[in-house]
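Written out below as structure tokens is the structure these notes cover.
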Amino acid sequence: MLLRLLFVMLWASAAIAAKLGLYSSPPLTLATIRFIAAGMILFAFVYVLNRRYAWPSRAEWIPLILLGLLNTTIYLGLSFWAFTTVSAGIFNLFVTVNPFIVALLSHIFLHRKILGREWTGMGLSAIGLSIATFPSLMESSATLPGLAAVAIGMIAMASGSVYFKKKDLQLPGIVINTWQVLLGGILLMPFTVWFEFDQGVRLDMYFWGSLIWLVAAVSIGAMLLWFRLLKQDPVKANNWLFATPIMGYLLAAIFLHETITPFDGIGTVLVIIGLISSGNVTLRKLAPASKSSGG
1 MLLRLLFVML
11 WASAAIAAKL
21 GLYSSPPLTL
31 ATIRFIAAGM
41 ILFAFVYVLN
51 RRYAWPSRAE
61 WIPLILLGLL
71 NTTIYLGLSF
81 WAFTTVSAGI
91 FNLFVTVNPF
101 IVALLSHIFL
111 HRKILGREWT
121 GMGLSAIGLS
131 IATFPSLMES
141 SATLPGLAAV
151 AIGMIAMASG
161 SVYFKKKDLQ
171 LPGIVINTWQ
181 VLLGGILLMP
191 FTVWFEFDQG
201 VRLDMYFWGS
211 LIWLVAAVSI
221 GAMLLWFRLL
231 KQDPVKANNW
241 LFATPIMGYL
251 LAAIFLHETI
261 TPFDGIGTVL
271 VIIGLISSGN
281 VTLRKLAPAS
291 KSSGG
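And the structure:
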């Protein structure tokens, strides 16, 4: 339970850090630097300092490349680019689509039965997020290319979640994340050069603060937690994405001094009810006497 909440907090903080970083850097440039830096740090830890992890086998390289392409290059690359034209409210609303896509793909490719309570929980959470993001939707200046980028990114992430579960790679999470981030950054590099080669970067506090947080807390910390949750159940892991926009509102209020509206409060209640209804959170786990710490 505590690990899931930590993941939600770290995952939600990425949008705020990215928004701040875009004050000083083009989106794909910031994303590429983030992925390459995180990948190199992980590589140094796994294969230089530690040396107890084996290199992937020949059969494991293709799955690692595909995970890097889906989860890093496409999903995160398009998300960074979309932040320049799509509001946080619109982006957060699209996040709710992810569990539905994962559930459908898991049913088709993994033959996982989707329980009625899971559909009910996801529906309640989606309604809650719709209410919470309503003010942002009304004031949105999103463009069609930006919305398409977010939609494609969400489909890529859901596909990566199901593919990861299906392949069941017998590699430690830190090794998978190392190659996913590093390979994803390398695959994104040609697009960055093509679209942003003539755009400069200001090396100020916004750039360095955003980069350090995105690398250490999100690319390394959050993704390691993400793989651990996915190994347990991809549908339930993705359902926790329902809570990230609500956490995002709280973090934005603290660090960006944004106002939390009644819509946010109503949405938060519905999201919690949805998580409980879907079986992701039980009253026993929420009880103070419980010692369960989750996955």
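Following full-length UniProt numbering, the numbering of the sequence shown begins with 1 at its first residue and continues without gaps. Yeah, the Cβ is synthetic: ideal placement off N, Cα and C, and Gly gets one too.
How would you write the range of the alpha helix (DSSP H) that residue i sits in, first residue to last?
{"i": "Arg51", "result": "Per DSSP, Arg51 belongs to no alpha helix (DSSP H) and is neither H nor E."}
{"i": "Tyr75", "result": "From DSSP, Tyr75 is part of no alpha helix (DSSP H); its letter is neither H nor E."}
{"i": "Trp226", "result": "Met223 to Gln232"}
{"i": "Gln180", "result": "Gly173 to Glu196"}
{"i": "Leu67", "result": "Arg58 to Leu67"}
{"i": "Trp11", "result": "Leu2 to Gly21"}
{"i": "Ala252", "result": "Thr244 to Phe255"}
{"i": "Leu110", "result": "Where Leu110 is concerned, there is no enclosing alpha helix (DSSP H), given that its DSSP letter is neither H nor E."}
Which term fits residue i, buried or exposed, when burial requires 16 or more other beta carbons within 10 angstroms of its beta carbon?
{"i": "Ser210", "result": "buried"}
{"i": "Trp194", "result": "exposed"}
{"i": "Lys165", "result": "buried"}
{"i": "Val8", "result": "buried"}
{"i": "Leu144", "result": "exposed"}
{"i": "Gly146", "result": "buried"}
{"i": "Gly200", "result": "exposed"}
{"i": "Leu78", "result": "buried"}
{"i": "Asp264", "result": "buried"}
{"i": "Ala44", "result": "exposed"}
{"i": "Thr259", "result": "exposed"}
{"i": "Ala247", "result": "Note on residue identity: the sequence assigns Met, not Ala, to residue 247. It counts as buried."}
{"i": "Ala222", "result": "buried"}
Assess contact between the region 146–153 and the region 27–36, defined as three or more Cβ pairs (one per stretch) separated by less than 8 Å. Is contact present?
no
At which residue ranges does the region 117–160 contain complete alpha helix (DSSP H) runs of 4 or more residues, listed in the order of the chain?
134–138
Given 8 Å as the limit, is there contact between the region 48–63 and the region 203–220, that is, 3 or more CB pairs closer than that?
No: the two stretches stay apart, fewer than three of their Cβ pairs being nearer than 8 Å.
Assess, as a yes-or-no matter, whether the region 73–86 is touched by the region 15–30 under the definition of 3 or more beta carbon pairs within less than 8 Å.
yes
Cβ pair count under 8 Å reaching 3, the region 175–182 against the region 36–48
yes
So, does the region 116–135 touch the region 266–275, judging by three or more C-beta pairs under 8 Å?
yes
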